[in-house]
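Asks:
There are 2 protein chains.
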Amino acid sequence: MNVKVIKIGENLLAENDKIAGANAELLRHNGIASFNVMGTPGAGKTALLESLIPELNRKFPCAVIEGDIAGTFDSERLKKLGIPIVQINTAGACHLEAFMLQKGLEHLSLGGLKILFVENVGNLVCPAEFTLGIMKNIIVSSVTEGDDKPAKYPLMYKISHLCVLNKTDLLDLSTFSPEKFNAYAKEINPALEIIPVSAKTGENIDKIVTWITNAVRVV
Amino acid sequence: MNVKVIKIGENLLAENDKIAGANAELLRHNGIASFNVMGTPGAGKTALLESLIPELNRKFPCAVIEGDIAGTFDSERLKKLGIPIVQINTAGACHLEAFMLQKGLEHLSLGGLKILFVENVGNLVCPAEFTLGIMKNIIVSSVTEGDDKPAKYPLMYKISHLCVLNKTDLLDLSTFSPEKFNAYAKEINPALEIIPVSAKTGENIDKIVTWITNAVRVV
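Those protein sequence lines, which keep their order, are chains A and S.
Letter 47 of the first sequence, counting from 1, is numbered 150 in our numbering, and no numbers are missing.
Letter 90 of the second sequence, counting from 1, is numbered 193 in our numbering, and no numbers are missing.
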């Protein structure tokens, strides 16, 4: 029988980190602030981008690289924003890797861009394990997922700079405790900023716009 | 530098399948019907078990093997049901594998058990790739995740026997289209049974009890 053997291990992660370093350098060289948007399927990553980009794009030209296992659902949704979008299909892989982002960047005109959003594959686990060379990690959580998620999926909350807690419009209908969620998240990552929002009603979206604007200004 | 190299590939999946076969045989030998409960973090897998087990356990003694990356949150929730529970911590791995279930089964008294629920790690991707030797795959989806998930995460819906569509109590507050969801799911897997429920209000939980009871009767 023909057995395909793929060697992985530390050398694979080292290779990923090397490409991630090159991605970071390329983005820095072009003065682009970049954000790796992660979260479980249905947390509202695309909805958040739909709310943020019209605000941000007026001052800071935006682009999006969309990571999905299959299909172009999220790119189709974002098309109407009139910004450059590149779709990466991972063909089964549950996360983006640095070489995938590298390929994505080849399809964007970087000159003139100010903000790059990368929407990772919907998954609370593996995307946290692969650095891409992106400046800031944003974890999108949602009220309907329950308040114990930071404790159950600690790495994601540890590596994130901002936690967008989405779907606050459903807070009254759920048993979600913002105090518990904050305590779990801060225990793992005391520096994590947590901003509750509703991408649906627009509540606090201005605060995310401010957070991103501040990050853009230091690039 | 010390480089650890782990060889994976088809031989790894073949080894997993071999152990899965042994798990299946062990469960069959003991007359135990088994259910692999999968879904994204926060879909309501534990809440579903909390609703189902008190009903089922009266006739069919139940046990649960809980898979989590870290912690014992879900086992703590299920403790009050008074059934045997084994917690597996995957230490970072985003899915259960057959050898983990094998270890879990060693900690259960199988004689007299009729139903085994395995609650997999919250993830719509990787758990679908590793067979465990479990009789039926149940995907727990939820209204708040959006109606496009079967199209975006096709393998999970392809390998499942039952789709429990949870959180129907939030249907009126969302843009979720049950027709779209069903169409996407059926396109991938025409044999997939889809039952909308609310683990919160108890709506249609009796239908899941019936579905599981029918599966138990053919073991």
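In this text, a Cβ means the ideal position worked out from N, Cα and C, and glycines have one as well.
In chain order, what residues of the same chain lie with their CB nearer than 6 Å to the CB of F163(S), ignoring the 5 residues before and after it?
Replies: K217, I218 and V319
Asks: For E306(A), does the three-state DSSP call read helix, strand or coil?
Replies: It is coil, neither helix nor strand.
Asks: Taking N139(S) as part of the beta strand (DSSP E), name the residues at either end of that continuous run.
Replies: A136 to M141
Asks: Just how far apart, CA to CA, sit L129(S) and P157(S)?
Replies: Annotation: L129(S) to P157(S) spans about 25 Å, alpha carbon to alpha carbon.
Asks: What's the gap between the Cα of Y287(A) and the Cα of A231(A)?
Replies: Answer to the nearest angstrom: the Cα atoms are 18 Å apart.
Asks: When you compare only the Cα positions, how much space is there between G142(S) and I242(S)?
Replies: 5 Å
Asks: Could you give the C-beta distance for N223(S) and L258(S), rounded to a whole number, given that I count them as a contact under 8 Å?
Replies: So it is not a contact: roughly 14 Å between Cβ atoms.
Asks: Per DSSP, what kind of secondary structure is C197(S) in: helix, strand or coil?
Replies: coil
Asks: Can you give me the C-alpha to C-alpha distance between I122(A) and N292(A), rounded to a whole angstrom?
Replies: 26 Å
Asks: Between L115(S) and E296(A), what straight-line distance do the alpha-carbon atoms span, to the nearest angstrom?
Replies: Near 40 Å, if we compare the C-alpha coordinates of E296(A) and L115(S).
Asks: Going by the CB atoms, is the gap between K283(A) and D171(S) shorter than 8 Å?
Replies: no
Asks: Run through the DSSP bridge pairs and tell me what I241(A) is partnered with.
Replies: V140(A) and L265(A)
Asks: Determine whether the Cβ of C229(A) lies closer than 8 Å to any Cβ atom of chain S.
Replies: yes
Asks: For V300(S), which of helix, strand or coil comes out of DSSP?
Replies: coil
Asks: What residues from the region 252–263 of chain S come within 9 Å of chain A, judged by C-beta to C-beta, listed N to C?
Replies: K252, A254, K255, Y256, P257 and L258
Asks: Would you mind working out which of T193(S), D251(S) and V300(S) sits nearest R180(A), comparing C-alpha positions?
Replies: D251(S)
Asks: On the criterion of 16 or more Cβ atoms from any shown chain inside 10 Å, does K270(S) qualify as buried, or is it exposed?
Replies: buried
Asks: Helix or strand or just coil, what does DSSP make of A146(A)?
Replies: coil
Asks: When DSSP labels each residue in this structure, what does N119(S) get in the three-state scheme?
Replies: helix
Asks: What beta strand (DSSP E) runs, 3 residues minimum, are completely inside the region 151–212 of chain S?
Replies: 165–171 and 188–192
Asks: To the nearest angstrom, how far is it from the Cα of D309(S) to the Cα of H210(A)?
Replies: Going from the Cα of D309(S) to the Cα of H210(A) covers about 52 Å.
Asks: Just mark E169(S) as buried or exposed, buried being the case when its beta carbon has 16 or more other beta carbons within 10 Å.
Replies: buried
Asks: Please report the residue range of the alpha helix (DSSP H) in which F233(S) lies.
Replies: From DSSP, F233(S) is part of no alpha helix (DSSP H); its letter is neither H nor E.
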